[in-house]
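Peer 1:
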Amino acid sequence: AQSVTQLDSQVPVFEEAPVELRCNYSSSVSVYLFWYVQYPNQGLQLLLKYLSGSTLVKGINGFEAEFNKSQTSFHLRKPSVHISDTAEYFCAVTGIGSARQLTFGSGTQLTVLP
Amino acid sequence: DTGVSQNPRHKITKRGQNVTFRCDPISEHNRLYWYRQTLGQGPEFLTYFQNEAQLEKSRLLSDRFSAERPKGSFSTLEIQRTEQGDSAMYLCASSLGQGDSTEAFFGQGTRLTVV
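Residue numbers (this note's numbering), protein chains in the order written: chain A, 1 to 114; chain B, 1001 to 1115.
1. Measure the beta-carbon distance from residue 75 (chain A) to residue 21 (chain A) and round it to whole angstroms, keeping in mind my assumption that it falls under 8 Å.
2. I need the DSSP call for residue 1118 (chain B), collapsed to helix, strand or coil.
3. Relative to the C-alpha of residue 78 (chain A), which residue among A:6, A:95, A:57, A:70 is closest?
4. Quick test of your reading: residue 1041 (chain B) and residue 1091 (chain B), contact by CB under 8 Å. State the CB separation rounded to the nearest angstrom.
5. Is there a Cβ of chain B sitting closer than 9 Å to that of residue 57 (chain A), yes or no?
6. I'd like to know whether the C-beta of residue 1041 (chain B) is nearer than 9 Å to at least one C-beta of chain A.
7. By a C-beta neighbour count over all protein chains shown, 10 Å radius and 16 as the cutoff for buried, is residue 1069 (chain B) buried or exposed?
8. Name the DSSP bridge partner or partners of residue 36 (chain A)?
9. Near residue 94 (chain A), what residues of its chain come up, given a Cβ to Cβ distance below 8 Å and the 5 sequence neighbours on each side ignored?
10. Anyone know if the C-beta pair for residue 7 (chain A) and residue 1104 (chain B) falls short of 9 Å?
11. Compile a chain-ordered list of the residues in the segment 39-55 of chain A whose CB is closer than 9 Å to at least one CB of chain B.
12. By how many angstroms is the C-alpha of residue 1058 (chain B) removed from the C-alpha of residue 1046 (chain B)?
13. Consider the Cβ of residue 1091 (chain B): report whether some Cβ of chain A lies at a distance smaller than 9 Å.
14. Assign residue 1113 (chain B) to one of two classes, buried (16 or more other C-beta atoms within 10 Å of its C-beta) or exposed (fewer than that).
15. Would you be able to state if there are at least three C-beta pairs under 8 Å between the segment 1077-1095 of chain B and the segment 1020-1033 of chain B?
16. Helix, strand or coil for residue 69 (chain A) per DSSP?
17. Say whether chain A places a C-beta atom closer than 9 Å to the C-beta of residue 1056 (chain B).
18. DSSP state of residue 62 (chain A), grouped into three classes?
19. Near residue 16 (chain A), which residues of its chain fall below 6 Å by C-beta distance, leaving aside the five closest residues on each side in sequence?
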């Protein structure tokens, strides 16, 4: 079984500032890791995923994340945020070789202030 | 639009009534998932289909919940004798179960309010 902890429930940041959203996971097996974004009353959209290879993963909208196996972390970063990045962000994990159902964290609300 | 489609988008029902939601996955996707998301929480896995076979059910899926995927195409999720605690967003996702590049695509969800 897997679990995901998103350490910050809310992150306010000013426009054009950098941001980091933290995610830690636990699992008894090797995992794939994902970040999804959810806008109000919408479904989830995939930002990026880590399957294997380079631990630095680049995604859409200028986001990137780094997989750190020793710290069991997968933090999401963006060097300069925009008002349009305001949304809920979810980190998710699935066990390799499983049916790929996702275990999600509780989410981080990113609010970009003008 | 060829994404995952869910209907209805919103449903308000009285406690004790039955409700049914529909999910139309991306056409070539063989895997289909249902999740439930309550306010302020991440989605929680409910059940999973590979083609028409329901292969896994979460302990969250009580006896009042039933899901089907006839012919491995669209899926329905029925909740019988709804309770206020069933109020949530119900999300459907689909994926193509091949290799390691599997990505789950989510629909916009059905928001259920039980009054």
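Where a beta carbon is used, it is the ideal one built from N, C-alpha and C, also for glycine. None of these values were measured; they are calculated from a predicted model.
Peer 2: In this structure, then:
1. 7 Å
2. The structure shown does not extend to residue 1118 (chain B), since chain B is modelled only from 1001 to 1115, so the question has no answer here.
3. A:57
4. About 12 Å separates the two Cβ atoms, so there is no contact after all.
5. no
6. yes
7. buried
8. A:46, A:90
9. 2, 31, 32, 34, 100, 101, 102, 103
10. no
11. 41, 42, 43, 44, 45, 46, 49, 51, 52
12. 5 Å
13. yes
14. exposed
15. yes
16. coil
17. yes
18. helix
19. 80
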